[in-house]
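This report concerns only the one structure given below.
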Amino acid sequence: MKVAEKDNVVHGMLEDEYRRSQEIVKALHAKLEGYPRGALNVRRKKVKDKKYFYHYLVRRDGEKIINLHIAEQDLSKLRKQIEEREKCRKEILSYKKRILYLAKLLKKSKREGGREK
Amino acid sequence: MKNKLPDNLFPENIKNLLHAMSDVGFFERSVVIGSWVMLIYQELYGARYVLRTLDVDFAVHVAHKKSKLRANLKQLITSLGFTDYFDAEGVEKFTGGGYEVEFIGQRSGGRSKGALSVPEWNVTAIPLPFISIMTDCSDVAELNGFIIRFPIPEAFFLHKLIIAQRRLSDAKRDKDLEQCSVVIQIINDERMKNIIEKQRFSRDTKRRITASCEAIGFPLQRIGLL
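Chains as they are written, first to last, in the working numbering: chain A, 1 to 117; chain B, 118 to 343.
Written out as C-alpha cells, the structure is:
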C-alpha cells in the first residue's frame, strides 16, 4: 500500500487549529457563564377586558423548575443577553464539530477529541 | 490604483469585515498580516502559496497609548456576527463563521506578556516584537471598491526570517520558511536593503536572519547584512 509522506507544515497547521479550537471553546464556555441561564417565557392573563403580559425566565435547577419574573424595564437587556448567549453556543457547537473532525484526522484519543462532558 | 484585487478573493464574511474596517480608516496605518497576505501576493505578484489558516490577523499601528477613540472596532466586528472572547492572556479576540480575528501590536522592549490596549480602536492586541517592520513598510490594494493595506513582500519576508528562528514549534518554523521560499521570487533587493537600513538589529536578531537565510538558500548579500 502506498502511504503518503507526512507533511510537517500541514500537520503542524492542523495541530495548531486543533489546539486553537480547544482554547476558543474553553474561552467561550467561560463567557457563557456570564450570561443568564434559561428561556424567556410569557404568561398572558386576562382580567375583565384587560390583557396583561408577564415575562419569566424559566430554567431548570436539578429537579426543580424555576420561574424568575422579569420586570418590563429589564426585558430588552435580557433579550439581548439571551441572543448573545445563543450566538456563543452556536460558535461552541461549530468548534466542537471541528475538534472532532481534527481529532480523527490527527488520530487523537476520544478524550482529547472533546467527547467527554 | 495599481493594485487591484478580484472581488471574490476573500470569503464573504472576511470581505465584509475588511470592508467595514476600511470604511472607518483602519487601513490608513494598520495592515492585514498572517497567511491571508499570501493570497494577496499570489494575486498581485504571482507568488503561489495555497495553505491558509483560519485566523485573520491584523497588525495594528498604535499611535499613542492614550489616543482618543477613533472607531469602535469591537462594536463594529460584533455587529458583523462575530463573538468576542478573552484568551488566557487577557487579549480580546473575535470568532465567527469558523474564523478568528485578532490584533497584534508592536511590543516595545522587554518580555512583557498580556494585552496591549489600543484605545484608538477599542481593541486589545497581542504585543509582539518586529511587528512595526510590517506596519512601517506597507502598500495598499483596492478590493471591491475599498482599500486594504498589507506589508510589502520584503517586509513580510524579513519579519518571517526573524520570527522563524524564534518559534518554539518546528512545524511553525517550517511554515514560516516555506512562505519565505515562495516570497523569494518577488523580492526586490533595493527595497529589501532600504528596509534593513531603517532597522537596528541586535546581534541575536542578525544571527536569526542569517540562520533563516541559510535554511532557504537566500544569499545574505541580497539583504545587505554581510
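From the three backbone atoms N, C-alpha and C, an ideal C-beta is built for every residue, glycine too.
Because the structure is a prediction, the values reported are computed rather than measured.
Taking CB distances under 8 Å as the criterion, tell me whether residue 68 of chain A reaches chain B. No, residue 68 of chain A lies away from the interface with chain B (no Cβ there is under 8 Å from its Cβ).
Residue 30 of chain A to residue 210 of chain B, Cα distance in whole Å? The C-alpha of residue 210 of chain B is placed about 14 Å away from the C-alpha of residue 30 of chain A.
Counting pairs of Cβ atoms below 8 Å between the stretch 136-144 of chain B and the stretch 268-278 of chain B, do you hit three or more? Segment contact: the stretch 136-144 of chain B against the stretch 268-278 of chain B, fewer than three CB-CB distances shorter than 8 Å; contact not assigned.
So, at 6 Å on beta carbons, what are the nonlocal neighbours of residue 298 of chain B in its own chain, with the 5 sequence-adjacent residues on each side left out? Closer than 6 Å at Cβ, skipping near neighbours: 333.
Chain-ordered chain A contacts of residue 286 of chain B [CB-CB under 7 Å]: Chain A residues near residue 286 of chain B: 12.
Counting Cβ pairs, one atom from each stretch, are 3 or more of them under 8 Å apart for the stretch 145-153 of chain B and the stretch 164-178 of chain B? With a cut-off of 8 Å, the stretch 164-178 of chain B and the stretch 145-153 of chain B count as touching, because enough Cβ pairs lie within range.
Have a look at the DSSP bridge pairing and note the partners of residue 209 of chain B. Under DSSP, the beta-bridge partners assigned to residue 209 of chain B are B:203.
Across which residues does DSSP place residue 258 of chain B in a beta bridge pair? In the DSSP assignment, the residues bridged to residue 258 of chain B are B:265.
Can you tell me whether residue 54 of chain A is buried or exposed, with buried defined as 16 or more other CB within 10 angstroms of its CB? When all chains shown are included, residue 54 of chain A counts as exposed.
Buried or exposed: where does residue 276 of chain B fall if 16 or more other Cβ atoms within 10 Å of its Cβ makes it buried? Buried is the call here.
Give the DSSP-derived three-state secondary structure of residue 282 of chain B in the structure shown. The answer is coil: DSSP assigns residue 282 of chain B none of H, G, I, E or B.
Does the count of Cβ pairs from the stretch 210-223 of chain B and the stretch 240-249 of chain B closer than 8 Å reach three? Counting Cβ pairs under 8 Å, three or more are found: they touch.
Inter-stretch contact at 8 Å, needing at least 3 Cβ pairs: the stretch 57-76 of chain A / the stretch 88-97 of chain A: Touching, no.
What does a CB cutoff of less than 7 Å around residue 339 of chain B pick up in its chain, not counting 5 residues either side in sequence? Apart from sequence neighbours up to five positions away, the residues of its chain that approach residue 339 of chain B with a beta-carbon distance below 7 Å are 306 and 309, ordered along the chain.
Pair every Cβ in the stretch 317-329 of chain B with every Cβ in the stretch 30-50 of chain A, then say whether three or more of these pairs are closer than 8 Å. In short, these stretches do not touch, since the Cβ pair count stays below three.
Do we get a CB-CB distance below 8 Å when we pair residue 200 of chain B with the residues of chain A? Yes, its Cβ sits closer than 8 Å to a Cβ of chain A.
By the 10 Å Cβ neighbour count, where 16 or more other Cβ atoms means buried, how is residue 77 of chain A classified, buried or exposed? So residue 77 of chain A counts as exposed.
What does a CB cutoff of less than 8 Å around residue 42 of chain A pick up in its chain, not counting 5 residues either side in sequence? Spatial neighbours of residue 42 of chain A in its own chain (CB-CB distance under 8 Å, excluding positions within 5 residues in sequence) are listed in chain order as 53, 54, 55 and 56.
Counting only beta-carbon atoms, is residue 99 of chain A nearer than 8 Å to chain B? Cβ-Cβ to chain B under 8 Å: no for residue 99 of chain A.
The stretch 260-267 of chain B touching the stretch 280-287 of chain B, judged by at least three CB pairs closer than 8 Å: No, the stretch 260-267 of chain B is not in contact with the stretch 280-287 of chain B.
To the nearest angstrom, report how far apart residue 322 of chain B and residue 316 of chain B are at their CA atoms. Near 11 Å, if we compare the C-alpha coordinates of residue 316 of chain B and residue 322 of chain B.
For residue 199 of chain B, which residues of its own chain have a beta-carbon under 6 Å away from its beta-carbon, when the five flanking residues on both sides are left out? Spatial neighbours of residue 199 of chain B in its own chain (CB-CB distance under 6 Å, excluding positions within 5 residues in sequence) are listed in chain order as 211 and 213.
Shorter than 7 Å, the distance from the beta carbon of residue 272 of chain B to the closest heavy atom of the ligand NAD, or not? No copy of the ligand NAD occurs in the structure displayed, which carries no ligand at all.
At the 8 Å Cβ level, is residue 41 of chain A part of the contact set with chain B, yes or no? No, because no Cβ of chain B sits closer than 8 Å to the Cβ of residue 41 of chain A.
With a threshold of 8 Å between beta-carbons, can residue 58 of chain A be considered close to chain B, or not? No, no contact with chain B.
Just grab the DSSP bridge partners of residue 166 of chain A for me. Here chain A covers residues 1 to 117 and nothing more, so residue 166 of chain A does not appear.
Residue 59 of chain A in three-state terms, based on DSSP: In this structure, DSSP gives residue 59 of chain A an extended state, which the three-state scheme calls strand.
By how many angstroms is the C-alpha of residue 207 of chain B removed from the C-alpha of residue 37 of chain A? Roughly 25 Å between the two C-alpha positions.
So, does the CB of residue 129 of chain B fall closer than 8 Å to a CB anywhere in chain A? Not closer than 8 Å to any Cβ of chain A, the Cβ of residue 129 of chain B fails to qualify, so no.
Could you tell me which residues DSSP puts in a beta bridge with residue 241 of chain B? Its beta-bridge partners are B:234.
Have a look at B:251, B:302 and B:293 and flag the residue whose alpha-carbon is nearest the alpha-carbon of residue 179 of chain B. Residue B:251 is the option with its Cα nearest to residue 179 of chain B.
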